[in-house]
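Residue numbers (our numbering): 9 to 95. Note that the Cβ used here is the ideal one computed from N, Cα and C, for glycine as well.
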């Protein structure tokens with residue numbers, strides 16, 4: 009969806025899928041870096057062996073890490089909006 013939209017066009021899209029993002033790989037290195045930045049060092053995020061011992065298949069990505077990717081997906085998928093610019 010690359011066609012320019014107005015604010016009213018976007019309101020009409022509420023509840024509609026506007027696109028599918030490209031896959032991104034969330035590596036353990038990226039998870040570890042996020043843990044360092046946020047000082048959230050819970051073992052379920054940074055220690056694969058302990059996470060498996062706790063019943064998980066491996067480490068679990070931080071919820072806030074996933075939420076932080078929303079801006080990337082929005083930028084990748086949203087069409088330009090007439091009369092709106094970013095700085």
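CB of residue i within 8 Å of CB of residue j, strictly
i	j	result
residue 51	residue 70	no
residue 81	residue 46	no
residue 39	residue 67	yes
residue 17	residue 84	no
residue 19	residue 89	no
Reduced DSSP category for residue i - H, G, I as helix; E, B as strand; rest coil
i	result
residue 68	coil
residue 89	strand
Close beta carbons around residue i, own chain, < 7 Å, minus the five adjacent residues each side
i	result
residue 48	70
residue 34	69
Residue i versus the options, residue with shortest Cα-Cα distance
i	options	result
residue 25	87, 93 and 92	87
residue 77	32, 13, 21 and 37	32
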